[in-house]
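Reviewing the structure listed below.
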Amino acid sequence: MTGAESMASYAKVGLGAITALGIAALPACQTSGSGDGESLDATHHLGQLRAAFRITQVPDGGLVPVIGDSIAAGYEQRGAALHMTNPAAAELDLALPASADGARRFTSAGVAISARLRAAPAAAEIAGGYVIYREALGDRTSIIEQARPDGVEDFFYFPARPASEALAFDVDLEAGVGGLRLVANTLEILDAAGVPRLRVNPPVAVGADGAAIAAKLAVAGCAVDTDPAIPSRVRTPPGARSCQLHLSWTGVTYPALVDPTWVTTGTMAFARPYPASSTVIDDHRVLVTGGYDATTGAHNSAEIWDASTGVWTVTGSMTDRRYDHQQVLLGTGKVLVTGGLNAVTPFVASSEEYDPSTGTWSHRAVMANARARFPLVVVAGAPVVLGGLGPAGALAACEKYDAVGHTWSAFASMATPRGGAAAASNGPNAFLVTGGQQGSAWLNSTELYSTAAGAFWPGAPMLGKRAYHTANPVTGNPRVLITGGSDSTGYLKTAEAYFGSFVFPQPGSWSAVSDMSMPRIAHQAVNLSPGRVMVCGGMQTTAGANTKTCETFDTFTFAWSADCDMTTPRDGFTMLTVPSLTRELAAGGRTLASAELSCHHDKCTSGIPLVGTSSACISSICSTDPFCCTTAWDALCIQEVRTICGSLTCPESEGSCPHPLCTPGAALASGCDSGTAGCAASICATDPYCCTTAWDSICVGEVASICGKNCN
Numbered sequence: 002m003t004g005a006e007s008m009a010s011y012a013k014v015g016l017g018a019i020t021a022l023g024i025a026a027l028p029a030c031q032t033s034g035s036g037d038g039e040s041l042d043a044t045h046h047l048g049q050l051r052a053a054f055r056i057t058q059v060p061d062g063g064l065v066p067v068i069g070d071s072i073a074a075g076y077e078q079r080g081a082a083l084h085m086t087n088p089a090a091a092e093l094d095l096a097l098p099a100s101a102d103g104a105r106r107f108t109s110a111g112v113a114i115s116a117r118l119r120a121a122p123a124a125a126e127i128a129g130g131y132v133i134y135r136e137a138l139g140d141r142t143s144i145i146e147q148a149r150p151d152g153v154e155d156f157f158y159f160p161a162r163p164a165s166e167a168l169a170f171d172v173d174l175e176a177g178v179g180g181l182r183l184v185a186n187t188l189e190i191l192d193a194a195g196v197p198r199l200r201v202n203p204p205v206a207v208g209a210d211g212a213a214i215a216a217k218l219a220v221a222g223c224a225v226d227t228d229p230a231i232p233s234r235v236r237t238p239p240g241a242r243s244c245q246l247h248l249s250w251t252g253v254t255y256p257a258l259v260d261p262t263w264v265t266t267g268t269m270a271f272a273r274p275y276p277a278s279s280t281v282i283d284d285h286r287v288l289v290t291g292g293y294d295a296t297t298g299a300h301n302s303a304e305i306w307d308a309s310t311g312v313w314t315v316t317g318s319m320t321d322r323r324y325d326h327q328q329v330l331l332g333t334g335k336v337l338v339t340g341g342l343n344a345v346t347p348f349v350a351s352s353e354e355y356d357p358s359t360g361t362w363s364h365r366a367v368m369a370n371a372r373a374r375f376p377l378v379v380v381a382g383a384p385v386v387l388g389g390l391g392p393a394g395a396l397a398a399c400e401k402y403d404a405v406g407h408t409w410s411a412f413a414s415m416a417t418p419r420g421g422a423a424a425a426s427n428g429p430n431a432f433l434v435t436g437g438q439q440g441s442a443w444l445n446s447t448e449l450y451s452t453a454a455g456a457f458w459p460g461a462p463m464l465g466k467r468a469y470h471t472a473n474p475v476t477g478n479p480r481v482l483i484t485g486g487s488d489s490t491g492y493l494k495t496a497e498a499y500f501g502s503f504v505f506p507q508p509g510s511w512s513a514v515s516d517m518s519m520p521r522i523a524h525q526a527v528n529l530s531p532g533r534v535m536v537c538g539g540m541q542t543t544a545g546a547n548t549k550t551c552e553t554f555d556t557f558t559f560a561w562s563a564d565c566d567m568t569t570p571r572d573g574f575t576m577l578t579v580p581s582l583t584r585e586l587a588a589g590g591r592t593l594a595s596a597e598l599s600c601h602h603d604k605c606t607s608g609i610p611l612v613g614t615s616s617a618c619i620s621s622i623c624s625t626d627p628f629c630c631t632t633a634w635d636a637l638c639i640q641e642v643r644t645i646c647g648s649l650t651c652p653e654s655e656g657s658c659p660h661p662l663c664t665p666g667a668a669l670a671s672g673c674d675s676g677t678a679g680c681a682a683s684i685c686a687t688d689p690y691c692c693t694t695a696w697d698s699i700c701v702g703e704v705a706s707i708c709g710k711n712c713n
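In the numbering used here, the protein residues as written are 2 to 713.
Below is the structure:
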């Protein structure tokens, strides 16, 4: 694959690696205080380790420390425990020991565990936002504790191979623990209902030669559930309240860092940049697979997010590691994953199916062409992969998957090879393929396909050449919205719309629409209500600056408007709509394991800020979604009572829900004028709330996008 086919600096096939810079056994440091509770020597030692172990950053290729930035502003000692001076920055209640052999305590959502490392009683030293224990595991060893928003990451530094390449923790199961689950080398701590609340992520050992080796987790003394199927209850009681957690590794080159992590389950177990792929497997669960991490390379891991609990659960791992792949829900209820990149081939031809009922994967037939960065559409119920990049460059070949026979067969070929193209379906039997790259050339050509024609035919060329853009089908005319991507000049903020039919041999036409507020590549676009498309995130510049902004395009006004921004800048992430919430889930990107939901608040004028905040439920909503407590208590806030608090209503006796659903208008009682006959019926069918509850600002907006003009 040529550099021109690689989306500039973002989409390099070249894989990031650990870079060990001049690592030798670091000198032992003598303890000395700085006079302000921090150790100057510990700070110096930390700086040496951060400089010595670094990884290649996606996408700009710069080097960043393996030991990341700590969110702790500092620590204060209370008894035998150290507590962050800014605890609100963390998602769990964290207490670190004043001595290396003391108890580390983690609490989240009423579930608590403590873990004692079998180590020497080395005193804790504070270095900025880090806690360091030196000589606890032998001569010149050290332990660095890095606080993260979701928990704490342990870094065990060994200057030479220890007598035993293993660590052991004595773990006490405290309040709220219902069970343990060990799947895909990930330990989950479950509550009484079987919901994971705490997690030990898969550990790695990073060697001086730059290689990252997977370390192994094992539990002794307690029973663990090893079933990869998503638990709906505690299937295996632990049988004891104290266990041993063992961590072992082999094959690493010393000096080395060993890296277990203790976190909540509100984030994924893995950072997933270089697009992972996601699929809604039912109305409230999302499966995310693969992705790329600069430490461990391409993932074969898979996780499921549950909208009813708001947590991530590890499920069975794929057979093959992959990123820049595609996946789709089959009519059988299973999920097909195919293609992508990894560090071995590097282009992947294999396919596998995930069974949500068992949490397991089954290897299926390989494609005739290994490929990555390709679109996938569903035609007459069958997944079809279109072009993409292969070992020899861009592909024109397309293939169709048979979910019953688990086989691939040739599909009609495109006229033009395309890598980094985008496709949009028009119902179950037709689609449009746009742009991409062929060799060093960006493309503006398009091709249409319908089952009636049984072949591709030329579509009208786009107004501009582009690749790595988005293509979304929209209701009415225009039929498809194209946004962002790249061309020979850099990243694009332009957008354009396709008009016309999907009937052979009509080519359709293109019209320019107003630009987005900024250039975007590696962004995401999802359909909201009919005629509205929301675009979020992406990179703005070839230097790698990314954004958290979102904006929405309305096909009636042909204009963009600002939408609720994400809380975190993201590029190379995955985003989709969760049906049970009618909200979008954005997950991963760059170095991120975090995920978040969109807002889409009904900003109707009768809503008033929530003032009663006495209950724990409403405090959770205020911290998760401040709009509800500062602007208006609206329909989305009421929905969040269920998803965040786990109940349909907050107790009125606590003063937590004093405000009703905001209703700035009565239910629609009449139709529209003769100029828009059928408008009311269309709105009622699309959004029953408008006709049964209240005609509010969202309904007014839907008149324009659904009907094309105003109702009376």
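C-beta: ideal position from N, C-alpha, C; glycine also. The structure presented is a predicted model; accordingly, all values stated were derived computationally and were not measured.
DSSP, read as helix, strand or coil, puts Leu93 in coil.
Under the DSSP assignment, Asp42 falls in the alpha helix (DSSP H) whose first and last residues are 41-53.
Within the stretch 222-276, the beta strand (DSSP E) runs of at least 3 residues that lie entirely inside it are, in chain order, 243-249, 257-265. Two segments are said to touch when three or more pairs of C-beta atoms, one from each, lie closer than 8 Å; by this definition the stretch 173-181 does not touch the stretch 134-144. Here the C-alpha atom of Arg51 lies approximately 18 Å from the C-alpha atom of Asp294. For His300, no beta strand (DSSP E) run applies, since DSSP gives it neither H nor E. Under the DSSP assignment, Gly465 falls outside any beta strand (DSSP E); it carries neither an H nor an E label. Beyond the five residues adjoining it in sequence on each side, Lys494 comes within less than 6 Å, by CB distance, of Asp516, Met517, Met519, Pro520 in the same chain, given in chain order. Comparing alpha carbon positions, the residue from Cys223, Glu552, Ala120 closest to Cys244 is Cys223. By the Cβ-count criterion, His46 is buried, with 16 or more other Cβ atoms from all chains shown falling within 10 Å of its own Cβ.
Beyond the five residues adjoining it in sequence on each side, Arg162 comes within less than 8 Å, by CB distance, of Tyr255 in the same chain, given in chain order. Judged by their CB atoms, Pro239 and Gly195 are not nearer to each other than the 8 Å cut-off.
Residues Pro429, Asn430, Thr452 of the same chain have their beta carbon placed closer than 7 Å to that of Ala381, with the five preceding and five following residues left out of the count. Counting other Cβ atoms within 10 Å of its Cβ, Arg242 stays below 16 and is therefore classed as exposed.
Listed in chain order, the beta strand (DSSP E) runs fully inside the stretch 283-365 are 286-290, 303-307, 312-316, 327-330, 336-339, 352-356, 361-365, counting runs of at least 3 residues. When the Cα atoms are used, Leu64 and Arg273 turn out to be separated by approximately 18 Å. Comparing alpha carbon positions, the residue from Ser302, Thr553, Ile144, Gln439 closest to Tyr131 is Ile144. The straight-line gap separating the alpha-carbon atoms of Gly311 and Phe457 is approximately 43 Å. The shortest CA-to-CA distance from Asp102 to any of Arg117, Val112, Ala96 is the one to Arg117. Spanning the alpha carbons of Leu482 and Val184 requires a straight line of approximately 41 Å.
In this structure, Ala81 and Ala99 form a Cβ contact; the two beta carbons are roughly 5 Å apart against a cut-off of 8 Å. Ala206 and Ser109 have their C-alpha atoms some 27 Å from each other. Just measuring C-alpha positions, the residue of Trp250, Thr558, Thr490 sitting nearest Thr543 is Thr490. The three-state reading of DSSP puts Cys399 in strand, counting E and B together. Sequence-distant Cβ neighbours of Cys600 in its own chain, meaning closer than 6 Å and more than five residues away, are Cys565. Taking the C-beta atoms as reference points, Thr435 is found no nearer than 8 Å to Ala416.
Going by beta carbons, Ala167 and Leu248 fall inside the 8 Å limit. The DSSP assignment places complete beta strand (DSSP E) segments of no fewer than 3 residues inside the stretch 424-508 at 431-435, 447-451, 456-460, 471-474, 481-484, 496-500, in order along the chain. Counting C-beta pairs with one atom in each stretch, the stretch 374-388 and the stretch 348-363 have fewer than three that are closer than 8 Å, which means they do not touch.
Measuring C-alpha to C-alpha distances from Arg322 to each of Glu497, Phe156, Val345, Thr266 identifies Val345 as the nearest. Of the residues assessed, Thr471 falls on the buried side of the cut-off, its CB having 16 or more other CB atoms within 10 angstroms. Per DSSP, Phe574 is not a residue of any beta strand (DSSP E), being assigned neither H nor E. When secondary structure is reduced to three states using DSSP, Ile622 falls in the helix class. A distance of 8 Å or more separates the beta carbons of Ala308 and Asn343.
Distance from Arg200 to Asp192 at the Cβ level is roughly 12 Å; contact not present, criterion being Cβ atoms closer than 8 Å.
The closest CA to that of Thr578, considering only Asn547, Val367, Arg105, Cys537, is found on Cys537.
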